[in-house]
Amino acid sequence: MQLASLQRLNAARRKRIAAILLADLDSHTERIVLEGDPLDGPIADLIEDAFRSGRSMAFDATEGRGFLNVYLPAPRIAIIGAVHIGQYLTQIAGLAGFDVRIIDPRTAFATSERFPGVPLFTDWPADVFLLDPLDRYTALVALTHDPKIDDLPLAEALRTGCFYIGALGSRKTHAARTDRLALKGFTPDALSAIHAPIGLDIGASNPAEIAVAILGEVIQALRSRPLSLSGDGAP
Amino acid sequence: MTTVSHPNDPLLTAETWIDESRAVAIATVIETWGSAPRPVGSHLVVDADGNFEGSVSGGCVEGAVVTAALDVIAGGTAQMLEFGVTDETAWRLGLSCGGRIRVYVERLD
Chain U
20 MQLASLQRLN AARRKRIAAI LLADLDSHTE RIVLEGDPLD GPIADLIEDA
70 FRSGRSMAFD ATEGRGFLNV YLPAPRIAII GAVHIGQYLT QIAGLAGFDV
120 RIIDPRTAFA TSERFPGVPL FTDWPADVFL LDPLDRYTAL VALTHDPKID
170 DLPLAEALRT GCFYIGALGS RKTHAARTDR LALKGFTPDA LSAIHAPIGL
220 DIGASNPAEI AVAILGEVIQ ALRSRPLSLS GDGAP
Chain A
15 MTTVSHPNDP LLTAETWIDE SRAVAIATVI ETWGSAPRPV GSHLVVDADG
65 NFEGSVSGGC VEGAVVTAAL DVIAGGTAQM LEFGVTDETA WRLGLSCGGR
115 IRVYVERLD
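Note that the protein sequences, when read in sequence, are chains U and A.
Residues in the first sequence are numbered from 20 upward in steps of one, following our numbering.
Residues in the second sequence are numbered from 15 upward in steps of one, following our numbering.
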């Protein structure tokens, strides 16, 4: 590996930008492809698959023999609301390899007794995001039902292009929510990115099962996400 | 998939070592067959004194990779190494899990 490649790769990784090192093992040349770079050429499909799956591989195509190593940011889940479902979701999401944090300004909910070992932020989401911003490898899961707490993070997630955005609440609650967000300038198309009712439709009927349904939907979104999410339609 | 927040991240370590004017080789798992302990893309970085960070196996072949890396640092020519049960050195270097791996070792320069 060339030092310039390593430096470029590490810079991208520090900024949580997905990157691929593409090495030609015959000519000993290499290049770095960042997610969002225009893809062309015969191995564009391989590169796209690698970004999506996170799987590195050797390839032996007619165009050459090489190796591509993909470096994806660790996927995170930001949970708004230190509620009962969140207690289960933090556990199972941690097992599945997600880096999880709970954000809830209500200190009676967000206690380390209820969430042992889980990073807890007890400031308002707007303040938390200043220090620890959302990004495209973060899923935003809004669980409070409270517009004062949920609305701003949902808007921020839409602007950021989080790979998953979900909000708890009935269809009626969600209709009121989208009306409020529309007043902030979000188009119906942009608002359709919010998964509500939240979670896969598996008939989940208690907090633990709902957590499973949410995590399943988050994983589905992560593995099928478009490569260049944009904030199109966001104000 | 690689996370950058890990304190023992091999590629961040490699950059630090280069900043300290140390010579560095990077070993990468290029291909695996059967049951391999570390996925394709895993890195081990080595300096000229044999210090290393990361892993390309569960500890079975790291010693041999470090030795090869010292040659690569000294000579500059990249090497492709293969380890596994069918390897002639299997009795001393084989992977206990029964798989096979191919590891590319190159100097960082």
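For glycine and all other residues, C-beta sits at the position ideal for the given N, C-alpha and C.
Neighbourhood of U/Ala-227 by C-beta, 7 Å cutoff - its chain only, sequence neighbours within 5 removed = By one-based count along the first sequence, residue 227 of chain U stands at place 208. Once the five neighbours on either side are set aside, the close Cβ partners of U/Ala-227 are Tyr-107.
request  = Would you decide whether A/Thr-16 is buried or exposed? Buried here means 16 or more other CB atoms lie within 10 Å of its CB.
outcome  = Within the second sequence, numbered from 1, the residue matching residue 16 of chain A stands at position 2. For A/Thr-16, the predicted model reports a pLDDT of 39, less than 50, meaning its position is unreliable; a value from the coordinates is still stated below. Buried, because 16 or more other Cβ atoms sit within 10 Å of the Cβ of A/Thr-16.
task = Determine the direct distance from the alpha carbon of U/Gly-180 to that of U/Ser-46, and round the result to whole angstroms.
result = Along the first sequence, read from residue 1 onward, the residue named residue 46 of chain U stands at position 27. Along the first sequence, read from residue 1 onward, the residue named residue 180 of chain U stands at position 161. Taking the straight line from one Cα to the other gives about 38 Å.
request  = Along the beta strand (DSSP E) that carries U/Glu-175, what are the first and last residues, could you check?
outcome  = As a first step, residue 175 of chain U must be located in the first sequence, where it is residue number 156. In this chain, U/Glu-175 is not harboured by any beta strand (DSSP E); it is covered by the alpha helix (DSSP H) spanning 166-179.
request  = For chain A, find out if any of its Cβ atoms is closer than 7 Å to the Cβ of U/Asn-225; answer yes or no.
outcome  = Against the first sequence, residue 225 of chain U aligns to sequence position 206. No, its Cβ sits nowhere closer than 7 Å to a Cβ of chain A.
key: Nearest residue (CA-CA) to U/Phe-182, options U/Asp-64, U/Ala-212 and U/Leu-28   = Residue numbering aside, residue 182 of chain U sits at position 163 when the first sequence is read from its first letter. Restricting attention to U/Asp-64, U/Ala-212 and U/Leu-28, the CA atom closest to the CA of U/Phe-182 is found in U/Ala-212.
key: A/Ile-96, enclosing beta strand (DSSP E) - first and last residue   = Looking up residue 96 of chain A in the second sequence gives position 82. As written in the sequence, residue 96 of chain A is Glu, which differs from the Ile given in the question. A/Glu-96 -> beta strand (DSSP E) spans 93-98.
key: Interface residues of chain A facing U/Ser-131 [CB-CB closer than 9 Å]   = Here residue 131 of chain U corresponds to residue number 112 of the first sequence, with the count starting at 1. Taking the beta carbon of U/Ser-131 as reference, no residue of chain A falls within 9 Å; the closest one sits roughly 21 Å away.
ask   = Over what stretch of residues does the alpha helix (DSSP H) that includes U/Ile-217 continue unbroken?
value = Looking up residue 217 of chain U in the first sequence gives position 198. Taken as a continuous stretch (DSSP letters only), U/Ile-217 belongs to no alpha helix (DSSP H), as it is neither H nor E.
key: Close Cβ partners of U/Leu-139 (< 6 Å) along its chain, the five nearest in sequence each way excluded   = If you number the first sequence from 1, residue 139 of chain U lands on position 120. Result list for U/Leu-139: Ile-121 and Ala-129, in chain order.
ask   = Is the CB-CB distance between U/Ala-38 and U/Ala-31 below 7 Å?
value = Taking the first sequence and counting its residues from 1, the one referred to as residue 38 of chain U is at position 19. Taking the first sequence and counting its residues from 1, the one referred to as residue 31 of chain U is at position 12. The answer is yes: Cβ separation under 7 Å.
4 or more residues per run - each alpha helix (DSSP H) lying fully within the region 34-72 of chain U = Segments of the alpha helix (DSSP H) lying fully in the region 34-72 of chain U: 63-72.
query = Exposed or buried, U/Glu-67, counting other C-beta atoms within 10 Å across all chains shown (16 or more means buried)?
reply = Sequence index remark: in the first sequence, residue 67 of chain U carries index 48 (1-based). The residue in question, U/Glu-67, is exposed, as its Cβ has fewer than 16 Cβ neighbours within 10 Å.
ask   = Considering A/Thr-46, what are the terminal residues of the beta strand (DSSP E) in which it resides?
value = By 1-based counting over the second sequence, the position of residue 46 of chain A is 32. DSSP places A/Thr-46 in the uninterrupted beta strand (DSSP E) bounded by 38-47.
ask   = In terms of residues, what are the limits of the alpha helix (DSSP H) holding A/Ala-50?
value = Taking the second sequence and counting its residues from 1, one reaches residue 50 of chain A at position 36. That residue, A/Ala-50, is in no alpha helix (DSSP H); it is neither H nor E in DSSP.
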